[in-house]
Amino acid sequence: MLKLGVNIDHVATVREARYRGRGRGEPDPVAAAQLCEAAGCHGITAHLREDRRHIQDRDIWKLREVVKTRLNLEMANAPEIVEIALKLKPNFVCLVPERRQEVTTEGGLDVVAAEKSLTETRKKMNDAGIEVSLFIAPDERQIEASARAGAQFIELHTGTFAESFSESAIRHPPSANELRRLIAGAQRAFSLGLKVNAGHGLNCVNLPALFAVPHLVELNIGHSIVSRAVFVGMETAVQEMLAVMKGYRG
Ligand code: PXP
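Counted from 1, the sequence shown has number 86 at position 87 by numbering that gives the first Met the number 0; the numbering is strictly sequential.
Here it is, written out as structure tokens:
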């Protein structure tokens, strides 16, 4: 069954818009995570950014205490954050680019350019019992470099697919090319023994088209769920997404 990791960063984005630097405030991303779990999600994802734009240190420590499913920490491959992750011991880390020079033209992590340092971090995480995912574009060179780096997972960047998707795209899909790349990328990763996640920009409208991509283990979805929750509440928003995901045949 395709799993759902809910990214709760944007709950913290709303809190920080009013309470930045105050060490308190609403809405609380930790309470949101608990509602997501009550609704049946399979994991909670949070990104502790170097600039602490949304999630704060106290959030991730509290999440580590209360999350009963699995905690996935999104993070840059930066010494300060690596140190925090090794102490926090989330179930997974997903290494993502935060700086311009770490990004490929398509927005994923440039594993080819940073293979050595990503391999070192991957080893440290695995030695601490933490599984590692690399957030990459569906590019064969990046996929092969991820396998060489010893990652357990890749997370395919679906941003380009999501961007190119619109109502008219249902009739004349400009996303077809990108979809083909995602399909080929998932197949290549699977053949190399990598487990395949996907995320960025996914919502209830574009998701069914993504189901053409084989071998998906987990989707990480944030913005569309948090946006929908403003109108229907977190639990219903998560349940709606889970209902759409039941259509995935693998
Ligand atoms: N996966 C990764 C690696 C991300 O960086 C993000 C965005 O924080 C997401 C998934 C979720 O993207 P969205 O908020 O667009 O659903």
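For each residue, glycine too, the CB sits at the ideal point set by N, CA and C.
Along the stretch 27 to 108, the alpha helix (DSSP H) occurs as fully enclosed runs of 4 or more residues at 28 to 37, 56 to 65, 78 to 87, listed in sequence order. DSSP, reduced to helix, strand and coil, places I142 within a helical segment of the structure shown. Membership of V237 in the alpha helix (DSSP H) is indicated by the continuous run 233 to 244.
Taking the C-beta atoms as reference points, V29 is found nearer than 7 angstroms to K61.
Comparing alpha carbon positions, the residue from R48, K245, I129 closest to V216 is K245. Take the alpha-carbon of R52 and the one of H199: they are about 18 angstroms apart. Judged by beta-carbon spacing, V131 lies beyond the 7 angstroms limit of A161, meaning their Cβ atoms are not closer than that value. Taking each of E239, E154, M233 in turn and checking the Cα distance to P96, the smallest one comes out for E154.
The beta-carbon distance between I7 and A45, rounded to whole angstroms, is 6 angstroms. This is short enough to meet the 8 angstroms contact definition. Beyond the five residues adjoining it in sequence on each side, R17 comes within less than 7 angstroms, by CB distance, of G24 in the same chain, given in chain order.
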